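The opening position of the sequence shown corresponds to residue 1 in my numbering, with each subsequent residue numbered one higher.
Think of the CB as a built atom: it goes at the ideal place given N, C-alpha and C, for glycine as much as any other residue.
Please read all numbers here as calculations on a predicted model, not as lab measurements.
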Amino acid sequence: MTELLHLEGVVVTNYQIITDIGIVLHLENMSRESQCIHCGSKTEKVHQNNELTIRDLPFGEQALYLRINRRQMRCEKCGKKFTEELNYLPKKRTYTDRFRKKIVAEVLNSDLKNTAERNGVSEREIETMLKDLGEDLITAKPQGLKKLGIDEIAMIKGKGNYYAVLVNIDTGKIVGLVEKRTEEALTEYLKQWGEEVLSQIEEVSIDLWIGYKNVAEKLMPQAQIVGDRFPVMKQVNNELDEARKEVKREAAKIKNKKNKENILAGIAKSKYALLKNEGDLMGLKQISSPNKT
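Right under this line is the structure:
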């Protein structure tokens, strides 16, 4: 199960399958030490254990939850307490970074309300995901950006309330989120990338809104402007296909025939499960004794 999860630095110790809820994997950190955020020293001294359940990408038709221990540590050098950072978990959130990216990618082809309903999350949670991702992206300039796609996310379908989304077409990765889809907001955001990034862009793919065209001509005059919408979902589908192939290769190594067949059956449907309804955490209080891996 650890190999199938594909999360660095953790090992799956137990798992549960809960009817009408999904799969719960119990994780344990492989490293006992953590780096102090105050002085940079490493420590193994645990001040307090904090167990929580977080949302992760679905596995086949099943919603997937991770039961983790996010420890509060005490630095043996400076004496200060801190909560360890986990590279797969955004700060103060109850879902993995890759689940957040999956939701944002889905909103690109839908809207906030319908995406929330399909995935069993609230609209407010998705708004938080968008704001968090936007704040994360604004601190890092895109590298090697040649083809830029400008699209939008509808917060409420048909109401004219949009996020502008900037995507590296070659990689299919989101490189920017702008909370307001206006020429002024988009111009201000792109200027933060600087001339070094903007001057290297060779192509800008946009829809027919004149505002995108005006910004592209002003800030990236050297770039060719393409009127067709860029293939975001094609890129997402390609990445999903690659992930499914990798899981299938790992499943082939499993010796237990029944477990292998169950996993392969889930893989066969997993691509489409991303767009289907998922359960919420309400049923987790009904958890029974975990199974051993």
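Give me the Cα-Cα distance between residue i and residue j, rounded to the nearest whole angstrom.
i	j	result
CYS78	PRO221	53 Å
ARG93	ASP136	14 Å
VAL175	ARG71	31 Å
LEU274	PRO142	Low per-residue confidence applies at LEU274: pLDDT is 49, beneath 50, and the placement is therefore not dependable, though the value from the model is reported in the following sentence. So the two alpha carbons sit approximately 27 Å from each other.
TYR212	LYS102	25 Å
GLU152	GLN62	29 Å
ALA223	ASP170	15 Å
TYR88	LEU27	12 Å
ILE150	ASN49	44 Å
GLU202	ALA216	11 Å
LEU186	ILE23	41 Å
PRO231	CYS36	Residue confidence is low: PRO231 scores 46 on pLDDT, short of 50, so the model does not pin down where it sits. No coordinate-derived value is stated.
LYS45	GLU33	8 Å
GLY279	ILE21	Unreliable placement is indicated for GLY279, whose pLDDT of 42 sits below 50; no coordinate value is reported for it.
Can you name the start and end residues of the alpha helix (DSSP H) that residue i belongs to?
i	result
THR2	2-5
Could you work out which residue in the options is closest to residue i when comparing CA atoms only?
i	options	result
VAL12	LEU208, THR19, MET73, GLU3	GLU3
THR19	LEU64, TYR95, VAL121	LEU64
ASP132	TRP193, GLY144, LEU145, VAL178	VAL178
PRO84	GLN192, HIS47, ASN119	Per the sequence presented here, residue 84 reads as Glu, with Pro not at that position. Ranking the options by Cα distance to GLU84, first place goes to HIS47.
LYS296	TYR162, VAL167, GLY134	Residue 296 is absent from the structure shown; the chain starts at 1 and stops at 293.
ARG55	ILE138, GLY172, LEU25	LEU25
Tell whether a beta-carbon distance below 8 Å holds between residue i and residue j.
i	j	result
ARG100	MET129	yes
SER31	GLY9	yes
ILE126	LEU112	yes
ILE68	LEU57	no
Could you check where the beta strand (DSSP E) with residue i kicks off and where it finishes?
i	result
ARG74	72-74
LYS81	81-83
ASP56	51-59
GLY227	Looking at the DSSP string, GLY227 is not in any beta strand (DSSP E), and its letter there is neither H nor E.
LYS173	173-178
TYR88	Element bounds for TYR88: n/a, residue is neither H nor E.
THR325	This structure does not reach residue 325, given that the chain is present from 1 up to 293, and the question cannot be answered.
Looking at chain D, is there any beta carbon in it that lies within less than 8 Å of the beta carbon of residue i?
i	result
ILE37	Absent from the structure: chain D. Only one protein chain is present.
(message) Please give me, in chain order, every unbroken run of the alpha helix (DSSP H) with length at least 4 that falls completely inside the region 133-170.
(response) For secondary structure counted as the alpha helix (DSSP H) over 4 or more consecutive residues, the region 133-170 holds no complete run.
Return the chain-ordered ranges of every alpha helix (DSSP H) run that is complete within the region 182-224 and spans a minimum of 4 residues.
As far as the region 182-224 is concerned, its whole alpha helix (DSSP H) runs of at least 4 residues are 183-191, 195-198, 210-219.
*Start-end ranges of the alpha helix (DSSP H) lying completely within the region 92-132, minimum 4 residues*: The region 92-132 contains these whole alpha helix (DSSP H) runs: 97-108, 112-119.
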